[in-house]
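Numbering (our numbering), first residue to last: 1 to 192.
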């Protein structure tokens, strides 16, 4: 199934995890530490439905911790802007309709971020992001293709395992965060 199809079929928890995972992988652009979004992950792992205040309160704390931070440089500035937008548009109410729109927007933003920061990506976009999300990821750079695979893995884990899949989804996201942190670090060393 394509990424677009998986998002269309995902439930509220899967959608929230998908959007959160995209944001989590991009935390290095916001200057945050690896644990800043952990409380939001914990709220998704609870077996019961979110009462709204839990998610909303944890989201506000994350926003406060990441407010005004970001990387320097042209590609990094645009990538950080996209990551900040993911955080700013995260819905306070974790309803299916709101998290579906957010998860979809986060998917697109995260792929754009990975394209911007990928040293192997040509200056001109050869494969549109929408094509990647619809299953046409064979002609994209390795960094972008890996991000497509991570997004698919998160949605499949939540669809197949429900709350029990949250921990595995977090592991997938953590791996992606390490990769993006290394890319950002290499770019910074190249400028220095």
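Yeah, the Cβ is synthetic: ideal placement off N, Cα and C, and Gly gets one too.
Computed from a predicted structure; not experimentally measured.
Spatial neighbours of residue 183 in its own chain (CB-CB distance under 6 Å, excluding positions within 5 residues in sequence) are listed in chain order as 117.
The three-state reading of DSSP puts residue 89 in coil, since its state is none of H, G, I, E or B. Residue environment for residue 86: buried (at least 16 other C-beta atoms within 10 angstroms of its C-beta). DSSP, reduced to helix, strand and coil, places residue 14 within a helical segment of the structure shown. Membership of residue 4 in the alpha helix (DSSP H) is indicated by the continuous run 3 to 9. A check of alpha carbon separations from residue 158 across 13, 4 and 1 identifies 13 as the nearest. Residue 147 counts as buried, since at least 16 other C-beta atoms from the protein chains shown sit within 10 angstroms of its C-beta. Comparing alpha-carbon positions, the option among 29, 58 and 31 lying closest to residue 37 turns out to be 58. The C-beta distance from residue 107 to residue 29 rounds to 16 Å, too long to fall under 8 Å, and the pair is not in contact. Counting C-beta atoms within 10 angstroms of its own C-beta, residue 76 has 16 or more neighbours from the protein chains shown and is therefore classed as buried.
The three-state reading of DSSP puts residue 37 in coil, since its state is none of H, G, I, E or B. One alpha carbon belongs to residue 161, the other to residue 39, and they sit about 20 Å apart.
Going by beta carbons, residue 95 and residue 105 fall outside the 8 Å limit. Here DSSP, grouped into helix, strand and coil, assigns residue 174 to helix. Nearest Cα to residue 65 within the set 93, 115 and 35: 35. The C-beta of residue 24 has 16 or more other C-beta atoms within 10 Å across all chains shown, which makes the residue buried. Between residue 163 and residue 54, the gap from beta carbon to beta carbon reaches 8 Å or more.
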